[in-house]
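The sequence shown: position 73 = 73 (UniProt numbering), numbered continuously. From the three backbone atoms N, C-alpha and C, an ideal C-beta is built for every residue, glycine too.
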Amino acid sequence: MNVAELTPKEIMPGYHGKLIHGERISWAFWEVEKDAQVPEHSHVHEQIMHVVEGQFEFTLDGHTKIYIPGDVVVIPSHANHSGRALTNCKLMDVFSPVREEYK
Numbered sequence: 001m002n003v004a005e006l007t008p009k010e011i012m013p014g015y016h017g018k019l020i021h022g023e024r025i026s027w028a029f030w031e032v033e034k035d036a037q038v039p040e041h042s043h044v045h046e047q048i049m050h051v052v053e054g055q056f057e058f059t060l061d062g063h064t065k066i067y068i069p070g071d072v073v074v075i076p077s078h079a080n081h082s083g084r085a086l087t088n089c090k091l092m093d094v095f096s097p098v099r100e101e102y103k
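Next comes the structure, spelled out in C-alpha cells:
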C-alpha cells in the first residue's frame, strides 16, 4: 500500500483524510484547508496528532496553542479538544481504538 494511492474522504468540511485501519488503531493523513475548524468534542479514543505542514491552532482542555511542523500533541481519552487551520495544513493522527466511523 502507498498513501499516495489512497482516495481521500472529506470527514468534515475542509478535512480530507486518507485513512488506514488496523486491528486496534486508525492512522489518518489529513490535508486541511485554511480556516477549516473542528468544533470542541471528546471521544473514547486516545489520539496523537502530528503537524507535518502549516500552522494549526489547537485547544486541549481549555489551553490553546499554535502548533507548527514537527509538533506533536497527545490527546487523552475523553479530553475536550478543538482545532482550526491557520494555513493550509497537513496533519497526521493516530487513534486507538479504531475510529469505526471513519471506515
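Nearest C-alpha to residue 98 among 60, 48, 71: 48. The beta carbon of residue 37 is closer than 6 Å to those of 84 in its chain, skipping five residues each way along the sequence. Fully enclosed beta strand (DSSP E) runs of no fewer than 3 residues occupy 37-41, 46-53, 56-60, 63-67, 72-75, 81-85 of the UniProt domain "Cupin type-2" (29-95), in order along the chain. Assigned with DSSP and collapsed to three states, residue 23 falls in coil, not helix or strand. Per DSSP, the continuous beta strand (DSSP E) segment holding residue 9 begins and ends at 9-12.
Three or more Cβ pairs drawn from the segment 55-67 and the segment 77-93 lie within less than 8 Å of each other, which places the two stretches in contact. Taking a C-beta distance under 7 Å as the contact criterion, residue 51 and residue 69 qualify as a contact pair. From the listed residues 18, 86, 94, 54, the smallest Cα separation to residue 73 is found for 94.
Looking at the DSSP output, residue 102 sits in no beta bridge, so it has no partner there.
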